[in-house]
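Chains as they are written, first to last, in the numbering used here: chain G, 64 to 558; chain P, 5 to 515; chain W, 7 to 101.
A quick write-up on the structure given underneath.
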Amino acid sequence: MLCLTAPEAGVRVSDMEYEPVIGLETHAELLTESKLWCRCSTRFGEPPNTQTCPICLGMPGVLPVLNERAFELALRAALALNCAINRPTFFDRKNYYYPDLPKNYQVSQNYCNLGEDGWIEIPVDAELRRVGIHNVHLEEDAGKNLHAQHGGAHYSLVDLNRAGTPLLEIVTRPEMHSVAEADAFMHTLRRLLLYAGVSDCKMQEGSLRFEASVSMRPAGSDGLGTRVEVKNLNSIKAVRGALEYEIERQTRRLREGRPVEMETRLWDAERGRSAVMRTKEEAQDYRYFPEPDLLPVEISDRELARVRASVPEMPVLRRSRFERDYGLSEYNASVLTDSKQVADYFEACVAAYDSPGSVANWIMNEALALTNRRGIGIAEFEISPERLAGLVRLLNEGRINARVARDIMHKMIDTGKDAPTLVREEGAEQVSDRSALDPVIQQVIEENPQPVQDYLAGSKKAVGALVGQVMRLSRGKADPKLAGQMLRQKLDRMQ
Amino acid sequence: MPFPAPNPDINGTMTEKLQTAVGIRDVFLRGERSALDIAEEHLAAIKRIEPSVDAFLTLCEDGALERAKELDEKRRRGERLGLLAGVPVAVKDNICTRGVRTTCGSKILGNFVPPYDAHVVQRLLAEDAVIIGKTNMDEFAMGSSTENSGFKVTRNPWDPTRIPGGSSGGSAAAVAAGMVPLALGSDTGGSIRQPGAFCGVIGVKPTYGRVSRYGLVAFGSSLDQIGPLARTAEDAALLLDVIAARDERDSTCARHEPEDYVAATRAPNLEGARFGVPEEFYVEGGLSAEVCDALEAARRVFESMGVEFVDVSLPHSRIDVEGGALSSYAVGTYYVLCTAEASSNLARYDGVKYGYRSDDHDSMIDMYSKTRGQGFGEEVKRRIMLGAYALSSGYYEAYFLKAARVRRLIKEDFDRAFEEVDLIFCPATPTPAFKIGEKTDDPLEMYLSDIFTISANLAGIGAASVPCGFSPEGLPIGLQLMAPHWQDGRLLRAAAAYQGQTDWRLKKAKG
Amino acid sequence: MPISPDEVEHVAQLARLELTDQEKRKFAGQLDAILTYMEKLNELDTSGVEPMLHGVEGRQPARPDSAGPSLPRDEALRNAPESQNGFFRVPPIID
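This is the structure we're talking about:
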């Protein structure tokens, strides 16, 4: 059913300005090896129903046992989102029937969420703005349904490999007022979850999914309009599309004087529109009650302190610290803090060689270019931060030139040796000694009459070709700056 | 009449020895009988008696004989044999057995074959028991008479016109009729103790968490507990020794080691023990005269052993008689909580992954509703409805949370009582076994037959019913003992002491 | 508060139970009687009493995060009323 209709003839359309009030629910699969209640693997992309056991199939008589890593990751996320932690916290059953939910209840949290009343800072118009986190809780994922049609037969197929995968749900307060804010929130949250090592956030594998609630109110007012929920948002792009659609749909209705119905809608990303999934009258009654098969989870002071210590500095804060402490440009700081691995790598380099600017340039222009080309992360890069720092130091001290440095970097990867060793072995040290360069300069001037004539005729650029020849004859070891200087001196004297 | 010593293998006859699990194990271990002979004799007894009792849903004849042969081989090789070596055991059909149909007494699981064993079944096998069959029960353990089985009605071996009690009616009847020396039951509100009392056998509901529930098909998860049914306290203790083991797969299972229950039965000295009598259980019209008399006689036996009886108060388990009808806070609390949990626990029977599926449907929702509507029996549907109602929007506080609060009050009553006494002594049931069909039309009346047993489940404490005499019509009567948390050994010690002074256990049902 | 046939219908739908008209009538009466009985609990003052939500007091244990073997797929599907190509097959979820 499509709800976007043109206004009827004769209907007066107001031009009232409305602003959206947006809340988001984010589901992130946690980075664990095994499922939340059983030991089945959480690997993605295996043949259907090969990662199931009596527990995640919901067979009669089975019981859940908590995966400690899943709980710890959820706790870490709750702390990273500045939540108050409920101690103890407990699990509830959410009862509803769906074929991908083997027990026909989902073990989740409702009455005593792991984390409550947190916040996250998101960049909006070059400033940081807080978005409130209503709660963070741990629950189990469902399986997947496939809808099939074969000949005249319609049916569905159920794969329960994903059923029971640990899932983190993060519920914001309805405090975002534009698609851009929602977008900033999602990107910031995604980076936070990646940073904290909580989720791989692979949207194409369904590791990160969203649901949105949208209402409209007259711009500038602080009331709340009728809320519409939109489900089936499997990427940040889908959320943007669904929000734009919903804001336009609701605004149009309101301007036409038609009320917005409280309902849940399903986003169809392919067709770029949503349709009613259930109306207010059909609202679910989940009959939550405390899960009797799981006891309250206590968190000791020591445990809490340990997990708190494992929460990394959040990207936004790290970026401003990079600018402040290392004197990096805003752009460089943001590139280097985009991923925790890169930021960690950078700081390890700087710890080994305190020259942040040149280290930053070298990482961004050389190391990342190389790892990106090879499709690997910096964590898998063969050259340790300490060794990369050693290479940059040789370059900065003028002992090798940039071209040699690049060459040495490749050789470091191939041989596993460090930069000083390779420079020594290759005799690649830059020749910065005038007396050593002098015969080479002389030879180049004698053997290249054309560029020499060009230079003397006033084309100062011609010196570049001569420097190139010096580099060739010195097998790249000459200090190009010095070579240029000496060439100009000699040529100028010839005039 | 002289009584055999607690360990019958010392001086009993072969016939006497073969009546108890301890005796059977010992004749097997000494090579006086092969495991195969023992299994065959029991299967023959079952074939003879079963048609008049209908205790079993599935007989594991081939499996039992095969296993008996393996045990004989194991003995021949001189390998170590377990605590239940060669002992035939019956298992209630809500306990999962790998490769053996497990129906829960329900048509909705009529063809379900679990690919796993319950923890207690693994323990039985590890201790070399021979599982002889799966016993009949009220569907999903919901009932007090075994009349709610989706398959058949089990008869009381003492009187075939009467029910054996429930929901573990098949297990209690199988032991009472001499078809097996031991059986496993499960007890959510009295489902081991009440049929134990009606059939004249010992039934023990251990402290919640003492026995792993892994593989026990859930009814009321916070109340369910597996326990033994046996003819002697020592046999019950032996089976409890086997099944009370730590299990990481049940988060609510105790992490401390259990005591040695058989050892407890071998030191049956009760001199100086204090038994509490809950005054609220003895109300005018609340208890039939024959039960009252039997309890009184049992009390005198205990007193003769040096037990001191004192009054205790369990105000929130109080039984009232209003207009001739019994009522109790505990029964109301119990039915809110167990039906709420059951409504969720039984949601999984939906025709998707296993069990019955209705053929006649035109959509997913229709398939669900028809499968469940056709697959479940009336009592199960009634309780699912009740539980779903108690949890539904607007009623959670008024019903579920209210009951959970009263539950704590009930538990705290017991905590206070056990500061004064070692055990609580009370009836197991208000009357002896009732007639088949007598209460099937009135669910509330049926619920009230558990009026003395449900408080122990709510409090989470261990309790046992022990045969203590017969009605003038020849129907067994049981007394009930309740112990503080984790003191299940006290139940068995007291039961053993009592059996040492009485001969009720020697009387045999006609079968 | 007497339970109405509509409420019976609503709860039956929540619980995915198709009931016959006779069952609906019967259950309405019986549930009413049982609920009235349960309301007896309202005689008790439970203010300030912590609900007892588990059969045992204690804290939840946890297991290490290590993957173990799953069931062979044919065992996982063996009890299924209908399966196809390694999936559980069910009626169409979306009409």
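Ideal Cβ positions, reconstructed from N, Cα and C, are used throughout, including at glycine.
Tell me, which residues are paired with residue 94 (chain G) by DSSP? By one-based count along the first sequence, residue 94 (chain G) stands at place 31. According to DSSP, residue 94 (chain G) bridges with nothing at all.
Give the list of continuous beta strand (DSSP E) stretches no shorter than 3 residues that lie fully inside the region 54-93 of chain P. 60-63
Short of 9 Å Cβ to Cβ, which residues in the region 353-374 of chain P face chain G? 353, 354, 356, 357, 358, 359, 368, 369 and 372
Return the residues of the region 54-67 of chain W that lie within a Cβ-Cβ distance of less than 7 Å from chain P, sorted by chain order. 55, 56, 57, 58, 59, 60, 61, 62, 66 and 67
Quick one: any contact between the region 459-468 of chain P and the region 442-449 of chain P, if contact means 3 or more CB pairs under 8 Å? no
What residue does the beta strand (DSSP E) around residue 212 (chain G) start on, and which one ends it? Residue numbering aside, residue 212 (chain G) sits at position 149 when the first sequence is read from its first letter. Residues 207-213.
Please list the terminal residues of the continuous alpha helix (DSSP H) segment that includes residue 544 (chain G). Working through the first sequence from its first residue, we reach residue 544 (chain G) at position 481. First-last of the alpha helix (DSSP H) with residue 544 (chain G): 543-557.
With 8 Å set as the bound, which would you pick, yes or no: does the beta-carbon of residue 352 (chain G) sit closer than that to a beta-carbon of chain P? Taking the first sequence and counting its residues from 1, one reaches residue 352 (chain G) at position 289. So, interface residue.
Tell me the DSSP secondary structure of residue 19 (chain P) in three-state form. Here residue 19 (chain P) corresponds to residue number 15 of the second sequence, with the count starting at 1. In this structure, residue 19 (chain P) counts as helix in the three-state DSSP scheme.
Give me the Cα-Cα distance between residue 128 (chain G) and residue 165 (chain G), rounded to the nearest whole angstrom. Position 65 of the first sequence, counted from the start, is the residue given in the question as residue 128 (chain G). Position 102 of the first sequence, counted from the start, is the residue given in the question as residue 165 (chain G). Cα to Cα, the separation comes out at about 17 Å.
Nearest candidate by alpha-carbon position, reference residue 82 (chain G), set G:318, G:88 and G:234: As a working note, residue 82 (chain G) is residue 19 in the first sequence. If we check each option's Cα against that of residue 82 (chain G), G:318 comes out closest.
Within 7 Å of chain P by C-beta, residues of the region 90-123 of chain G in sequence order: 117, 120, 121, 122 and 123
From this set, G:359, G:373 and G:192, which residue's C-alpha is nearest residue 255 (chain P)'s C-alpha? For the purposes of this step, residue 255 (chain P) is identified with residue 251 of the second sequence, where counting begins at 1. Of G:359, G:373 and G:192, the residue nearest in Cα terms is G:359.
Within 10 angstroms of the Cβ of residue 12 (chain W), are there 16 or more other Cβ atoms? Answer buried if so, exposed if not. As a position in the third sequence, residue 12 (chain W) is number 6, starting the count at 1. By the 10 Å Cβ count, residue 12 (chain W) comes out exposed.
According to a CB-to-CB cut-off of less than 8 Å, which residues of the region 187-214 of chain P neighbour chain G? none
Tell me whether the region 21-39 of chain P and the region 81-91 of chain P touch, counting them as touching only if at least three CB pairs, one residue from each stretch, are closer than 8 Å. yes
According to DSSP, simplified to helix, strand and coil, what is residue 200 (chain G)? Along the first sequence, read from residue 1 onward, the residue named residue 200 (chain G) stands at position 137. It is a strand residue.
Going by other Cβ atoms of all chains shown within 10 Å of its Cβ, with 16 needed for buried, is residue 138 (chain P) buried or exposed? Against the second sequence, residue 138 (chain P) aligns to sequence position 134. Its Cβ being crowded by 16 or more others within 10 Å, residue 138 (chain P) is buried.
Using a Cβ-Cβ cut-off of 8 Å, state whether residue 147 (chain P) counts as contacting chain W. Along the second sequence, read from residue 1 onward, the residue named residue 147 (chain P) stands at position 143. With 8 Å as the cut-off, residue 147 (chain P) does not count as an interface residue toward chain W.
Can you list, in chain order, the residues of its chain whose CB lies under 8 Å from that of residue 40 (chain P), leaving out five sequence neighbours each side? Position 36 of the second sequence holds residue 40 (chain P). Taken in chain order, the residues that qualify are 69, 72, 73 and 76.
Residues sharing a beta bridge with residue 163 (chain P), DSSP: Residue 163 (chain P) sits at position 159 when you count from the first residue of the second sequence. Bridge partners of residue 163 (chain P): P:160.
Would DSSP call residue 419 (chain P) helix, strand or coil? Here residue 419 (chain P) refers to the residue found at position 415 when the second sequence is read from its first residue. The answer is helix: DSSP assigns residue 419 (chain P) an H, G or I state.
Ends of the alpha helix (DSSP H) at residue 425 (chain G)? Working through the first sequence from its first residue, we reach residue 425 (chain G) at position 362. First-last of the alpha helix (DSSP H) with residue 425 (chain G): 419-425.
Chain P contact residues for residue 69 (chain W), given Cβ-Cβ distances below 8 Å: Along the third sequence, read from residue 1 onward, the residue named residue 69 (chain W) stands at position 63. Correct list: 252.
Out of G:223, G:443 and G:422, which has the shortest C-alpha to C-alpha gap to residue 411 (chain G)? Position 348 of the first sequence, counted from the first residue, corresponds to residue 411 (chain G). Considering only alpha carbons, the answer is G:422.
Alpha carbon of residue 179 (chain G) to alpha carbon of residue 100 (chain G), nearest angstrom: Against the first sequence, residue 179 (chain G) aligns to sequence position 116. Against the first sequence, residue 100 (chain G) aligns to sequence position 37. Roughly 23 Å separates the two Cα atoms.
Applying a beta-carbon distance threshold of less than 8 Å, which residues of chain W neighbour residue 346 (chain G)? One-based indexing of the first sequence puts residue 346 (chain G) at position 283. In chain order: nothing, as chain W lies at least about 12 Å away.
Buried or exposed by the 16-neighbour rule on C-beta atoms within 10 Å, applied to residue 64 (chain G): Here residue 64 (chain G) corresponds to residue number 1 of the first sequence, with the count starting at 1. Because the pLDDT at residue 64 (chain G) is just 37, under 50, the model does not fix this residue reliably, and the value given afterwards should be weighed accordingly. Exposed, by the Cβ-count rule.
Buried versus exposed call for residue 326 (chain G) [16 or more other C-beta atoms within 10 Å across all chains shown]: The residue given as residue 326 (chain G) occupies position 263 in the first sequence. With 16 or more Cβ atoms within 10 Å of its Cβ, residue 326 (chain G) is classed as buried.
Note down, in chain order, all residues in the region 37-54 of chain W with a beta-carbon under 8 Å from any beta-carbon belonging to chain G. none
Identify, in the order they occur along the chain, each residue of the same chain with its Cβ nearer than 7 Å to the Cβ of residue 97 (chain W), setting aside the five sequence neighbours on each side. Taking the first residue of the third sequence as position 1, residue 97 (chain W) is located at position 91. Closer than 7 Å at the Cβ level, and outside the excluded window around residue 97 (chain W), lies no residue.
Just mark residue 98 (chain G) as buried or exposed, buried being the case when its beta carbon has 16 or more other beta carbons within 10 Å. Looking up residue 98 (chain G) in the first sequence gives position 35. The residue in question, residue 98 (chain G), is buried, as its Cβ has 16 or more Cβ neighbours within 10 Å.
Limits of the alpha helix (DSSP H) - the one that residue 141 (chain P) falls within: Mapped onto the second sequence, residue 141 (chain P) falls at position 137. Here residue 141 (chain P) belongs to no alpha helix (DSSP H), and DSSP marks it neither H nor E.
List, in order along the chain, the chain A residues whose C-beta lies closer than 8 Å to that of residue 448 (chain P)? You won't find chain A in this structure, because its protein chains are G, P and W.
Residue 503 (chain G) versus residue 484 (chain G) - alpha carbon distance: Stepping through the first sequence from its first residue, residue 503 (chain G) is reached at position 440. Stepping through the first sequence from its first residue, residue 484 (chain G) is reached at position 421. Using only the alpha carbons, I get a separation of about 26 Å.
Status (buried if at least 16 other CB within 10 Å, exposed otherwise) for residue 378 (chain G): Against the first sequence, residue 378 (chain G) aligns to sequence position 315. By the neighbour-count rule (16 or more Cβ atoms within 10 Å), residue 378 (chain G) is buried.
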